[in-house]
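There are 2 protein chains.
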Amino acid sequence: MSSRSPRQRRHEKTKQEILQTALGLIKEVGFENLSLREIARRVDYSPAGLYEYFDSKEGIIQALSNEGNRQLLEALSSIQKNQSRSVTCYLVEMCLAYIDFALHKREYFTLMSNLPSERTTIDEPVRADSPYAVYLETVQAAIAGGEIQIRENFGPEEITYSLWAFVHGMATLRLTHLMHFQANFEPVNRLSLELYLASLA
Amino acid sequence: MSSRSPRQRRHEKTKQEILQTALGLIKEVGFENLSLREIARRVDYSPAGLYEYFDSKEGIIQALSNEGNRQLLEALSSIQKNQSRSVTCYLVEMCLAYIDFALHKREYFTLMSNLPSERTTIDEPVRADSPYAVYLETVQAAIAGGEIQIRENFGPEEITYSLWAFVHGMATLRLTHLMHFQANFEPVNRLSLELYLASLA
DNA sequence: CAAATAACCTAACGTTGTTCGGTATTATAA
DNA sequence: TTATAATACCGAACAACGTTAGGTTATTTG
């Protein structure tokens, strides 16, 4: 698992320390105020020293985005396993889990929102380790089980996209326009999603 | 309409020139790379000179956001007048207009996405000149016409919110994650929205 | 033990947003 | 019309930023 040489181990360790510090800093001051120099101060390095571990500030952000993607993937996958009802029910829970992740790990979410997918065409394969893939898989299971019907120009990918857009909208709205709105959106979100999924049957 | 004194007129004019220059700059280099000094270079002012017209860089962004809000409002309102079918049909077109605005005037849209609403509670009144108000009005018309049914914990505001989240998700996804995806999303968006609205009947 | 590599720092460069002090220019009031 | 006040504008500076170059020390490898 960990690299053999002590040096490589130390390297990996401080790399993680830098990342965790950066994450905490984002939590404190927000993504747009993330400062490489402040990270350096907190890990007790000179600004230049960090460049031994990351190519640039953007590199740190990239690494954190990947980690966030991994965590979101994990959050979504754990839903699929822990329940045992209809597939559509899974779907709703997964959708709500997406929103939950956005709200409670917003340090990660705001990072990830700015990164484009490398898939440029419907013909290209879906990245297996993407949240989208998890949704797609579940939608396909729902179709196979007859819980969701496909239509003209509205196959599994289109359905998955629309669900993703729905929850992504709920999440981003909550974090931006509605950031100061005092209310629990979970019931409304759940109901909306259930209604939409019902219309796909 | 315009202020009486020549000085005030000139002031307003260069203010607009600054805003337009800033807008063009955002179009060129993106919001995150907007530079006050570069704006100053292009309008042939010293950086300090701009502070006679705006309190800060943020002030310029604020002004542009307001203008964007005005334009979005106009785009949405024009839908309502030019058509003459069912209210639900209006709604779909208005939703698609939101996405259209986001894609074709993304300089404005990206600005606006970062600004929080001042409404903090469901009890506070809705700002009349907000896109949300336009949607809400139309949803209420649809309810009054019997095209949409309200439910427990799912009144006009909740329905409007869910629609807004839906289209906002479609718009932001298209501009971030799916920015390089080569496809026309309009048919899928339309179909999704029609299905969702049908489930509200 | 020598050579090579990795780790780290100081100093600097070119940016950025913003403020201060001063100088013109224009409008207002006597 | 002239004195006073307000506006418009700029040069210079400040503090902060991301990044790079060059150099020094520590560690690993041959």
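These protein sequence lines map, in sequence, to chains A and B.
Going left to right, the first sequence walks through residues -12 to 188 as our numbering numbers them.
Going left to right, the second sequence walks through residues -12 to 188 as our numbering numbers them.
Glycine is no exception: its CB is placed at the ideal position from the N, C-alpha and C atoms.
For the region 80 to 102 of chain A, the residues whose beta carbon sits under 7 angstroms from a beta carbon of chain B are, in order, 100, 101. Per DSSP, reduced to three states, the secondary structure at residue 141 (chain B) is strand. In the DSSP annotation of this structure, the continuous segment of the alpha helix (DSSP H) that includes residue 86 (chain B) starts and ends at 74 to 91. Nearest CB-CB separation between residue 152 (chain B) and chain A: below the 8 angstroms threshold. Contact of residue 145 (chain B) with chain A is assigned, a C-beta pair being separated by under 8 angstroms. For the set A:62, A:101, A:30, A:42, the Cα lying nearest the Cα of residue 7 (chain A) is the one of A:30.
Here residue 3 (chain A) has no same chain residue with a Cβ atom under 7 angstroms from its own Cβ, once five neighbours each way along the sequence are excluded. From the listed residues A:27, A:22, A:185, A:19, the smallest Cα separation to residue 135 (chain A) is found for A:185. Here DSSP, grouped into helix, strand and coil, assigns residue 127 (chain B) to helix. Shown here, residue 105 (chain B) sits in coil according to DSSP, grouped into three states, outside any helix or strand.
Under a criterion of Cβ atoms nearer than 8 angstroms, the residues of chain B adjacent to residue 108 (chain A) are, in order, 168, 169, 170. Inter-segment contact for the region 121 to 139 of chain A and the region 43 to 58 of chain A is absent: fewer than three beta-carbon pairs are separated by less than 8 angstroms. DSSP, reduced to helix, strand and coil, places residue 173 (chain B) within a helical segment of the structure shown. In the structure shown, residue 179 (chain B) falls within a helical segment according to DSSP collapsed to helix, strand and coil. With contacts defined as CB atoms closer than 8 angstroms, residue 119 (chain A) and residue 126 (chain A) fail to qualify as a contacting pair.
Contact annotation for residue 164 (chain B) against chain A: 103, 104 [CB-CB distance below 7 angstroms, chain order].
Shown here, residue 96 (chain B) sits in a helix according to DSSP, grouped into three states. Each of A:179, A:130, A:15 was checked against the Cα of residue 94 (chain A), and the nearest Cα belongs to A:15.
In chain A, no part has a C-beta under 9 angstroms from the C-beta of residue 73 (chain B); the shortest such distance is about 17 angstroms. With a 10 Å radius around the Cβ and a threshold of 16 neighbouring Cβ atoms, residue 145 (chain A) comes out buried.
Per the C-alpha coordinates, the member of B:152, B:36, B:102, B:167 positioned closest to residue 176 (chain B) is B:152.
What residue 122 (chain A) touches in chain B, judged by beta-carbon distance under 9 angstroms, is nothing: the nearest beta carbon there is about 13 angstroms away.
Between residue 147 (chain B) and residue 162 (chain B), the gap from beta carbon to beta carbon reaches 8 angstroms or more. A distance of 8 angstroms or more separates the beta carbons of residue 88 (chain A) and residue 115 (chain A).
By the criterion of a C-beta distance shorter than 6 angstroms, residue 158 (chain A) is surrounded in its chain by 86, 89, once the five residues flanking it on both sides are discounted. Distances from the CA of residue 19 (chain B) to each of B:-7, B:101, B:169 were compared; the closest alpha carbon is that of B:101. Using beta-carbon distances, residue 1 (chain A) does not count as an interface residue toward chain B, since no partner is under 8 angstroms.
Annotated as proximal: residue 149 (chain A) and residue 179 (chain B), with beta-carbon spacing under 8 angstroms.
In the three-state reduction of the DSSP assignment, residue 38 (chain B) falls in the helix class. Membership of residue 5 (chain A) in the alpha helix (DSSP H) is indicated by the continuous run -7 to 16. The DSSP-derived three-state label of residue 113 (chain B) is coil. Burial is judged here by how many other beta carbons sit within 10 angstroms of a residue's own beta carbon; residue 99 (chain B) has at least 16 and is buried. Note on residue 97 (chain B): 16 or more other CB atoms within 10 angstroms of its CB, so buried under the neighbour-count rule. Residue 74 (chain A) is a Cβ neighbour of residue 128 (chain A), given a cutoff of 8 angstroms. Note on geometry: alpha-carbon atoms of residue 46 (chain B) and residue 139 (chain A) lie some 48 angstroms from one another.
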